[in-house]
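Below is one structure, written out as structure tokens, with a few remarks after it.
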Amino acid sequence: MDHVTQLSQLGLFDARVPRYTSYPTATKFSPDLTPDHFAEWIRQIPPGSDISLYIHVPFCRRLCWFCACRTQGSTSDGPVLAYLDTLHAELALFAELLPADVRLARLHWGGGTPTMIPAPQMRTLARRIFEIAPLAPDGEFSVEIDPNEIDADRLDALAEMGMTRASIGVQDFNPEIQAIIGRDQSFEITMRTVDALRARGVRSLNADILFGLPHQTPRRIGETVQKLLTLTPDRVALYGYAHVPWMARRQQMIPSNTLPRPEERLDLFDTARRLFLWDGYDEIGIDHFARPHDSMSEAARTGRLRRNFQGYTDDTAPTLVGLGASSISRFPQGYAQNAPATAQWKKAIHAGALATVRGHAFTREDRWRARAIEALMCDFHVSRHELVSGFGADPAAVEAVFDQAAEQFGEFIICDPTGLSIPMAGRPLTRMIAASFDAYAIESHGHSPAI
Numbered sequence: 006m007d008h009v010t011q012l013s014q015l016g017l018f019d020a021r022v023p024r025y026t027s028y029p030t031a032t033k034f035s036p037d038l039t040p041d042h043f044a045e046w047i048r049q050i051p052p053g054s055d056i057s058l059y060i061h062v063p064f065c066r067r068l069c070w071f072c073a074c075r076t077q078g079s080t081s082d083g084p085v086l087a088y089l090d091t092l093h094a095e096l097a098l099f100a101e102l103l104p105a106d107v108r109l110a111r112l113h114w115g116g117g118t119p120t121m122i123p124a125p126q127m128r129t130l131a132r133r134i135f136e137i138a139p140l141a142p143d144g145e146f147s148v149e150i151d152p153n154e155i156d157a158d159r160l161d162a163l164a165e166m167g168m169t170r171a172s173i174g175v176q177d178f179n180p181e182i183q184a185i186i187g188r189d190q191s192f193e194i195t196m197r198t199v200d201a202l203r204a205r206g207v208r209s210l211n212a213d214i215l216f217g218l219p220h221q222t223p224r225r226i227g228e229t230v231q232k233l234l235t236l237t238p239d240r241v242a243l244y245g246y247a248h249v250p251w252m253a254r255r256q257q258m259i260p261s262n263t264l265p266r267p268e269e270r271l272d273l274f275d276t277a278r279r280l281f282l283w284d285g286y287d288e289i290g291i292d293h294f295a296r297p298h299d300s301m302s303e304a305a306r307t308g309r310l311r312r313n314f315q316g317y318t319d320d321t322a323p324t325l326v327g328l329g330a331s332s333i334s335r336f337p338q339g340y341a342q343n344a345p346a347t348a349q350w351k352k353a354i355h356a357g358a359l360a361t362v363r364g365h366a367f368t369r370e371d372r373w374r375a376r377a378i379e380a381l382m383c384d385f386h387v388s389r390h391e392l393v394s395g396f397g398a399d400p401a402a403v404e405a406v407f408d409q410a411a412e413q414f415g416e417f418i419i420c421d422p423t424g425l426s427i428p429m430a431g432r433p434l435t436r437m438i439a440a441s442f443d444a445y446a447i448e449s450h451g452h453s454p455a456i
């Protein structure tokens, strides 16, 4: 029996499972988690410690049809400027709660399109953030950049404010694919943006591309990867396109019959993967690649790779605070999410209240299961000793999950005295194997294909 047939029999091409950027997943968050929890968790951050901060800007000049993120279109700067006013008010609330001498291990501006912010307001926002919590000496300031929505003034502002890493969404360079997903972004404009970033001293570049897009073929994705490689990004995220038109209505613009079959998705991923490996990239987790000199590669080699809402990261700060509509914070105590709708978020903040509407407080079982899932997703190995000694897991409960996984996945996992590992042949099944550690019910309609 060939490898693809074995994967098919285990359900790889039919399964929909979480991406496990959190555990429990956001679908399990509850309204029982209130602004009071969020405020108290901020107060409990140890003085003088390092945290990470995520700023969400949910606006795009034009909405891409493939995107399932919570964003809204705006052809003018007015809504963006009004949003920034509220964001500054939220920062003031955050500053009142934050203990003394806290620094930022990471600052990330995401969206949407944070580069819609005009240059003067970029400077003002960055300065206000750094007044509240300065960047740590080895801290990173990263920004998601749309090559179609950036200019010299905004690049100058970001460089002046200390941006260290730029993240550029590429998706695919093929014009036919771009047209059907509503994403017009030529290779030439992307290259000019990369050159402009590096001319301003921004040496670290991350790029995102997608496999599983309509009309995508191995030849076409190969051409996109080879063009991308000429830009020598330090990191690449190779995400699988999730077609969920019942959740993201704009995806209804993409005909389902143009999408590759699940078996073809695996071929697309393997085609891109081989090209990155041939060009000397290290394989990071299930869908990232990095140059050997990059800090993410170093984290993967030394067991410090982590996973959060942005995917894989080398950020080991125990607290990630998210500000802005729909943003999610992670504390050692649990998760807290802001109101997803911009209007609801604004109403709370301008009333002088935090905008938390749901979240989850960790139980002891959550903690060890979360670590098991993260270890599998990052290292393809979970240690019995770490779960029991480091997270207080019941040895019998750990063994029961290990036994269940071994029965379900057979030769595609290895159980030995050190723990449970996923060999190379089983890597396409990683999210499914991780799901066997999930104690919560998984509704398939709310998640993306396992490949």
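Numbering follows the working numbering, in which position 306 of the sequence shown is assigned residue number 311; successive positions increment by one, without gaps. Don't be surprised by glycine CBs; every beta carbon is placed ideally from N, CA and C.
Burial state of residue i, where buried means 16 or more other Cβ atoms lie within 10 Å
| i | result |
| --- | --- |
| Asn262 | exposed |
| Leu210 | buried |
| Ala87 | exposed |
| Met166 | buried |
| Ala444 | exposed |
| Trp114 | buried |
| Gln14 | exposed |
| Thr32 | exposed |
| Gln176 | buried |
| Glu145 | buried |
| Trp283 | exposed |
| Gly415 | exposed |
| Glu412 | exposed |
| Gln221 | buried |
| His355 | exposed |
| Asp292 | buried |
| Thr347 | buried |
| Pro51 | exposed |
| Pro238 | buried |
| Ser57 | buried |
| Asp302 | The sequence given here places Ser at residue 302; Asp does not occur at that position. Its Cβ being crowded by 16 or more others within 10 Å, Ser302 is buried. |
Contact with chain D by residue i, beta-carbon distance below 8 Å
| i | result |
| --- | --- |
| Phe135 | Looking at the structure shown, chain D is missing, and only one protein chain is on hand. |
Residue of the options minimising C-alpha distance to residue i
| i | options | result |
| --- | --- | --- |
| Gly364 | Ala131, Arg21, Thr39 and Cys72 | Thr39 |
| Ile173 | Ala253, Ala439 and Asp200 | Asp200 |
| Gly187 | Arg170, Pro260 and Ala346 | Pro260 |
| Ile456 | Gly316, Val22 and Ile333 | Val22 |
| Gln79 | Gln221, Leu68 and Leu89 | The sequence given here has Ser at residue 79, not Gln. The candidate whose alpha carbon is nearest that of Ser79 is Leu68. |
| His298 | Arg240, Arg311 and Pro345 | Arg240 |
| Phe396 | Pro337, Ser441 and Met437 | Pro337 |
| Pro142 | Arg132, Thr169 and Thr120 | Thr169 |
| Gly53 | Leu103, Arg312 and Ala124 | Leu103 |
| Arg376 | Ala20, Ser27 and Gly206 | Ser27 |
| Met127 | Ala94, Val85 and Ala100 | Val85 |
| Asp189 | Trp70, Ala353, Ala358 and Leu328 | Trp70 |
| Leu130 | Arg436, Leu96, Leu160 and Ser394 | Leu96 |
| Ala94 | Ala360, Arg24, Ser81 and Ser334 | Ala360 |
| Ala73 | Gly116, Ser35 and Ala105 | Gly116 |
| Ala253 | His452, Ala20 and Arg436 | His452 |
| Glu149 | Ile134, Pro125, Thr198 and Ser441 | Thr198 |
| Lys351 | Gln49, Ala366 and Leu98 | Leu98 |
Residues that DSSP places opposite residue i in a beta bridge
| i | result |
| --- | --- |
| Phe274 | The partner list for Phe274 (beta bridge, DSSP) is empty, contrary to what the question assumes. |
| Asn59 | Reading off the sequence, residue 59 comes out as Tyr, not Asn. Note: Tyr59 sits in a beta bridge opposite His113 and Gly327. |
| Arg24 | The partner list for Arg24 (beta bridge, DSSP) is empty, contrary to what the question assumes. |
| Val387 | Leu425 |
| Tyr340 | Arg335 and His365 |
| Phe64 | Gln77 |
| Gln176 | Ile214 |
| Ser147 | His113 and Arg170 |
| Cys420 | Leu425 |
| Arg54 | Before going on, a small fix: residue 54 reads as Ser here, not Arg. Bridge partners of Ser54: none, in fact. |
| Ser35 | Gly364 |
| Pro454 | Arg21 |
| Leu140 | Leu109 |
Give, in chain order, every unbroken run of the beta strand (DSSP E) that is at least 3 residues long and sits entirely within the stretch 288 to 336.
293 to 295, 311 to 313, 316 to 318, 325 to 328 and 333 to 336
Does the stretch 270 to 277 come within contact of the stretch 207 to 225, defined as at least 3 CB pairs closer than 8 Å?
yes
Which runs of the alpha helix (DSSP H), 4 residues or longer, sit entirely within the stretch 188 to 229?
192 to 204
In the stretch 95 to 136, which residue ranges form an unbroken beta strand (DSSP E) of at least 3 residues, counting only runs that do not cross its ends?
108 to 116
Does the stretch 179 to 194 come close enough to the stretch 142 to 154 that 3 or more CB-CB pairs lie under 8 Å?
Contact check between the stretch 142 to 154 and the stretch 179 to 194: three or more CB pairs, one atom from each, fall below 8 Å, which counts as touching.
Measuring CB atoms only, is the stretch 275 to 284 touching the stretch 245 to 256, in the sense that at least three cross pairs come out at less than 8 Å?
Contact annotation: the stretch 275 to 284 does not touch the stretch 245 to 256, with fewer than three C-beta pairs closer than 8 Å.
Spell out a yes or no on whether the stretch 419 to 432 and the stretch 383 to 394 are touching, meaning 3 or more CB-CB pairs, one atom from each, closer than 8 Å.
yes
Are the stretch 367 to 385 and the stretch 431 to 444 in contact at 8 Å, needing three or more beta carbon pairs?
By the Cβ rule, the stretch 367 to 385 counts as touching the stretch 431 to 444, because three or more pairs are nearer than 8 Å.
Check whether the stretch 315 to 328 touches the stretch 407 to 420, counting contact only when three or more Cβ pairs, one atom from each stretch, lie closer than 8 Å.
Two segments are said to touch when three or more pairs of C-beta atoms, one from each, lie closer than 8 Å; by this definition the stretch 315 to 328 does not touch the stretch 407 to 420.
Hey, which unbroken runs of the beta strand (DSSP E) at 3 residues or more fall wholly within the stretch 228 to 262?
Counting only runs of 3 or more, we get 240 to 245.
Below 8 Å, how does it come out for the stretch 337 to 351 and the stretch 36 to 54: are there three or more Cβ pairs, yes or no?
yes
Counting Cβ pairs, one atom from each stretch, are 3 or more of them under 8 Å apart for the stretch 134 to 143 and the stretch 103 to 117?
yes
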